[in-house]
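Take any residue in the sequence shown, note its place counting from 1, add 76, and you have its number in the numbering used here.
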Amino acid sequence: MKMLLIVFRDSLEDEIVVLLKEFNVKAFTELHKVGGTGETGDAFHSFASPGVNTMILTALAEDQAERVVKGLKAFRDQLAKQQQGAKIPIRVFVFPCEQVV
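Here is the structure:
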């Protein structure tokens, strides 16, 4: 199994959730108003940095995790193309998941 940690700007939440449903992801945990900084800038929900992230955790079989990662990359690449190559605030981290109880 794999644990996916998906971090993205909250403005992309609807599209990400639809994509997860398209890939038959039936269970996930969603955390709102997650702050951070990275390649696409700061997101701290403050006056100086008004953006905010959402984070999704989901445990998936390895083959399903690979499909979801590919789908999220394709979505990010499509948005980047529409935005003339801008960096899109979506990151996916993949971890081993030993057990779900």
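C-beta: ideal position from N, C-alpha, C; glycine also. Bear in mind that the values here come from a model prediction, so they are computed numbers and not experimental data.
Alpha carbon of residue i to alpha carbon of residue j, nearest angstrom
i	j	result
A150	F84	15 angstroms
G147	E174	24 angstroms
I166	E91	11 angstroms
D86	K157	20 angstroms
G111	F120	4 angstroms
Beta-carbon spacing of residue i, residue j below 8 angstroms
i	j	result
K178	V128	Here the chain covers residues 77 to 177 and nothing more, so residue 178 does not appear.
V170	A135	no
M131	I82	yes
Sequence-distant residues of the same chain with beta carbon closer than 6 angstroms to residue i, five excluded per side
i	result
F99	R143, V144, G147
Whole-angstrom C-beta distance between residue j and residue i, which should lie under 8 angstroms
i	j	result
T105	L133	5 angstroms
L80	V168	6 angstroms
Residues near residue i by beta carbon distance below 7 angstroms, same chain, minus five either side
i	result
A137	M77
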